[in-house]
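Engineer: Numbering (my numbering), first residue to last: -19 to 517.
1. Going by DSSP, what residue range makes up the alpha helix (DSSP H) through residue 206?
2. Taking all protein chains shown into account, decide if residue 213 is buried (16 or more other Cβ within 10 angstroms of its Cβ) or exposed.
3. Please report the distance separating the alpha-carbon of residue 274 from that of residue 387.
4. Going by DSSP in three states, residue 33 sits in which element: helix, strand or coil?
5. Applying the criterion that 16 or more other CB atoms from any shown protein chain within 10 Å of the CB defines a buried residue, is residue 272 buried or exposed?
6. Taking only runs that begin and end inside the stretch 215 to 244, name each unbroken beta strand (DSSP E) of 3 or more residues, in chain order.
7. If you drop the 5 nearest sequence neighbours on each side, which residues of the same chain put their C-beta closer than 6 Å to that of residue 408?
8. For the 8 Å Cβ check, are there 3 or more pairs between the stretch 85 to 96 and the stretch 42 to 50?
9. How long is the line joining the alpha carbons of residue 95 and residue 56, rounded to whole angstroms?
10. Tell me the rounded alpha-carbon separation between residue 519 and residue 374.
11. Below 8 Å, how does it come out for the stretch 231 to 238 and the stretch 178 to 191: are there three or more Cβ pairs, yes or no?
12. Around the Cβ of residue 339, are there at least 16 other Cβ atoms within 10 angstroms (buried) or fewer (exposed)?
13. Tell me which same chain residues have a C-beta within less than 6 Å of the C-beta of residue 277, skipping the five on either side of it?
14. How about residue -10 and residue 26: are their beta carbons less than 8 Å apart?
15. Suppose contacts are defined by Cβ-Cβ distances below 8 Å. Is residue 7 in contact with residue 75 by that definition?
16. Thinking C-alpha only, which one of 293, 389, 4 and 171 is nearest residue 66?
17. Hey, residue 307 and residue 323: beta-carbon distance below 8 Å or not?
18. From the DSSP output, which residues share a beta bridge with residue 286?
19. Assuming the contact rule is C-beta atoms closer than 8 Å, residue 85 and residue 54 should be a hit. Round their C-beta distance to whole Å, please.
20. Work out the CA separation of residue 103 and residue 131 for me, nearest whole Å.
21. Inspect the CB distances between the stretch 350 to 370 and the stretch 311 to 323 and report whether three or more fall short of 8 Å.
22. Roughly how many angstroms separate the alpha carbons of residue 311 and residue 62, rounded to a whole number?
23. Just the C-alpha distance for residue 365 and residue 260, rounded to the nearest angstrom, thanks.
24. Does residue 24 pass the burial test, meaning 16 or more other C-beta atoms within 10 Å, or should it be called exposed?
25. Relative to the C-alpha of residue 405, which residue among 291, 372 and 242 is closest?
26. Could you pull out every residue in the same chain whose Cβ sits closer than 7 Å to the Cβ of residue 329, ignoring the five residues on either side in sequence?
27. Give the straight-line distance between the Cα atoms of residue 172 and residue 204, rounded to the nearest whole angstrom.
28. Just the C-alpha distance for residue 242 and residue 347, rounded to the nearest angstrom, thanks.
29. From the DSSP output, read off the bridge partner residues of residue -3.
30. Spatial neighbours of residue 59 within its chain, please: CB distance less than 6 Å, with the 5 preceding and 5 following residues excluded, ordered by chain position.
31. Please find out if some non-hydrogen atom of the ligand FAD comes closer than 7 Å to the beta-carbon of residue 94.
32. Is the beta carbon of residue 227 closer than 8 Å to that of residue 247?
33. Given this structure, state the Cα-to-Cα distance separating residue 422 from residue 377, to the nearest angstrom.
34. Out of curiosity, what's the CA-to-CA distance linking residue 518 and residue 252?
35. Residues bridged to residue 27 by DSSP?
36. Report the rounded CA-to-CA distance for residue 229 versus residue 175, giving the unit in angstroms.
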């Protein structure tokens, strides 16, 4: 057969091939279409491909197939390249009239289940250079389906631990006596494949994990694999862009998993790493959302992250506020009270750390206090002490700004000692001292009412306090209270009330003890009376 070279094919700018137009057209539907669009009578034609899968080496295999009258040796080594090239060149039976390259490679791929683990991994690595055709043609899905099946099976049997020992089979149902000891370790049985897949590109890992999730592979195992993958890829990454792409992929995949299966400690470790990476805002928000949902597991050290470059304040307050927002994203009422109070205790510690920072604005300080509902705290004493520290450091604040800072306090949940201390402290505005006094008066009246209600049950009149006089004093003080008076008078009032509260608390405890003894005595005497025999009636 006479062979002419009347067609030039430029493959991805790598190499130009001179081929026989008729020979190539007898197998390729794509070339047929391109030549059909050209002007008739043109002796020499040129076709330019910019995205040929596998490049010049792959096209050379195609030409060999065509010039060999449709014959070529197909193996696990070249089947991926030939399949993708055949798909790209539209080399189907409808063009050649008999079995074409696409049908031949498709039949060869049916034997994937018989490939060794090493052959399967090599094929997947090769597919990374055949994109996007490898994905659109479905060959990657065939390989991943086989890989996932082997991983799932190996969780129940003894797997082959690495590619070096997988030449004969994808995974072993039994191992020799030398490896029996190590295979007893359940963690090893579940994670043997981690290292083998660490060399895959992020886009392939994304496809892999999505398919694993759809096949109900354990989420805890997948999260461990993703953390391992991120660490492994970072150790060999040459550029920051590579690290960013890896981190974004890992975050995206972790977000698909059940948050309860993800290590909170490792998530915070990832967060610290991202401080030096320019990952997308979308990925950063997802990472913060995962951390925020488990904020009750955090420690103070976790939250003490440095502020972004260019910021004047010491710690990243905005980040903590975002984490708190994620924690109560479904509403504080949807969060169990135990978890809510645990986070409140943590945030109180954080606020104490942030308070001495002279660069923290009043609005940020107040936002931290108000980030959780009042019900999250039984006591506001810790907030009071942090506020005092803040006011001491920010001595230049105006009276209005000080009142704004103090508005975060719940005076009703301050102890008597804290209220007394507040009234004596000149760092606090006078209005704040007045509010503390009012709160203490309300507490005292409530305490006296409880005392009056309890007194009829006591048989010993000598144990009662003369509460009527005290009650009159309370009303008297309340009547004289005027928030416009000087702070010194407020302090005197509060000190007097403080003494009365303490005395009444002691009296209440004494009365409660007496009541308990009396009730116990009455119950005992009643039981004794029932046990005696009845006399004549």
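Idealized CB from N, CA, C, for every residue including glycine.
Structural biologist: The short version:
1. One-based indexing of the chain shown puts residue 206 at position 226. Note, residue 206: alpha helix (DSSP H), 199 to 216.
2. Here residue 213 is taken as the residue at index 233 of the chain shown, counted from 1. Sixteen is the threshold: when 16 or more other Cβ atoms of the shown chains lie within 10 Å of the Cβ of residue 213, as they do, the residue is buried.
3. Numbered from 1 along the chain shown, position 294 holds the residue referred to as residue 274. Numbered from 1 along the chain shown, position 407 holds the residue referred to as residue 387. If you take the alpha carbons of residue 274 and residue 387, they lie about 29 Å apart.
4. Looking up residue 33 in the chain shown gives position 53. Coil, per DSSP.
5. As a working mapping, residue 272 is identified with position 292 in the chain shown. Classification of residue 272: buried, given that the 10 Å Cβ count is 16 or more.
6. none
7. On the chain shown, residue 408 is found 428 positions in, with the first residue counted as 1. Closer than 6 Å at the Cβ level, and outside the excluded window around residue 408, lie 402.
8. No contact exists between the stretch 85 to 96 and the stretch 42 to 50.
9. Working through the chain shown from its first residue, we reach residue 95 at position 115. Working through the chain shown from its first residue, we reach residue 56 at position 76. Going by the C-alpha atoms only, they are around 8 Å apart.
10. No statement about residue 519 is possible, as the shown extent of the chain runs from -19 to 517 and does not include it.
11. By the C-beta criterion, the stretch 231 to 238 is judged to be in contact with the stretch 178 to 191, since at least 3 inter-stretch pairs fall below 8 Å.
12. Sequence index remark: in the chain shown, residue 339 carries index 359 (1-based). The residue is exposed, with fewer than 16 neighbouring Cβ atoms inside 10 Å.
13. Here residue 277 is taken as the residue at index 297 of the chain shown, counted from 1. Result list for residue 277: 244, in chain order.
14. Translated into the one-based positions of the chain shown, residue -10 becomes position 10. Translated into the one-based positions of the chain shown, residue 26 becomes position 46. Their beta carbons are under 8 Å apart, which means residue -10 touches residue 26 by this criterion.
15. Along the chain shown, read from residue 1 onward, the residue named residue 7 stands at position 27. Along the chain shown, read from residue 1 onward, the residue named residue 75 stands at position 95. It is a contact, given that the beta carbons lie within the stated cut-off.
16. What you label residue 66 is simply residue 86 of the chain shown in a count that begins at 1. When each option's Cα is compared against that of residue 66, the closest is 4.
17. On the chain shown, residue 307 is found 327 positions in, with the first residue counted as 1. On the chain shown, residue 323 is found 343 positions in, with the first residue counted as 1. Yes, the Cβ-Cβ distance between residue 307 and residue 323 is below 8 Å.
18. Within the chain shown, numbered from 1, the residue matching residue 286 stands at position 306. DSSP, once it has assigned bridges, lists 295 as partnering residue 286.
19. By one-based count along the chain shown, residue 85 stands at place 105. By one-based count along the chain shown, residue 54 stands at place 74. The pair is a contact, with the Cβ atoms about 6 Å apart (cut-off 8 Å).
20. Within the chain shown, residue 131 is the residue found at index 151, counting from 1. Within the chain shown, residue 103 is the residue found at index 123, counting from 1. Between residue 131 and residue 103, the C-alpha separation is close to 17 Å.
21. yes
22. Locating residue 311 in the chain shown gives position 331, counting from the first residue. Locating residue 62 in the chain shown gives position 82, counting from the first residue. If you draw a straight line from the Cα of residue 311 to the Cα of residue 62, it is about 56 Å long.
23. By one-based count along the chain shown, residue 365 stands at place 385. By one-based count along the chain shown, residue 260 stands at place 280. The straight-line gap from Cα to Cα measures roughly 39 Å.
24. Here residue 24 is taken as the residue at index 44 of the chain shown, counted from 1. Exposed, because fewer than 16 other Cβ atoms sit within 10 Å of the Cβ of residue 24.
25. Counting from 1 along the chain shown, the entry for residue 405 is found at position 425. For residue 405, the nearest C-alpha among the options comes from 372.
26. Here the question's residue 329 lines up with position 349 in the chain shown. Taken in chain order, the residues that qualify are 280.
27. Taking the first residue of the chain shown as 1, we reach residue 172 at position 192. Taking the first residue of the chain shown as 1, we reach residue 204 at position 224. One C-alpha to the other measures close to 12 Å.
28. Mapped onto the chain shown, residue 242 falls at position 262. Mapped onto the chain shown, residue 347 falls at position 367. Answer to the nearest angstrom: the Cα atoms are 29 Å apart.
29. As a position in the chain shown, residue -3 is number 17, starting the count at 1. BP columns for residue -3 point to -11.
30. Locating residue 59 in the chain shown gives position 79, counting from the first residue. Correct list, in chain order: 85 and 88.
31. Of ligands this structure carries none, so the ligand FAD is not represented either.
32. The residue you call residue 247 lines up with position 267 of the chain shown. The residue you call residue 227 lines up with position 247 of the chain shown. Against a cut-off of 8 Å, the Cβ pair of residue 227 and residue 247 comes out as no contact.
33. Taking the chain shown and counting its residues from 1, one reaches residue 422 at position 442. Taking the chain shown and counting its residues from 1, one reaches residue 377 at position 397. Near 30 Å, if we compare the C-alpha coordinates of residue 377 and residue 422.
34. Past the boundaries of the shown model lies residue 518; the chain is included only from -19 to 517, so the question cannot be answered.
35. The sequence position of residue 27 within the chain shown is 47, counting from 1. According to DSSP, which records beta bridges pairwise, residue 27 is partnered with -11.
36. In the chain shown, residue 229 corresponds to position 249, counting from 1. In the chain shown, residue 175 corresponds to position 195, counting from 1. Their Cα atoms are separated by approximately 17 Å.
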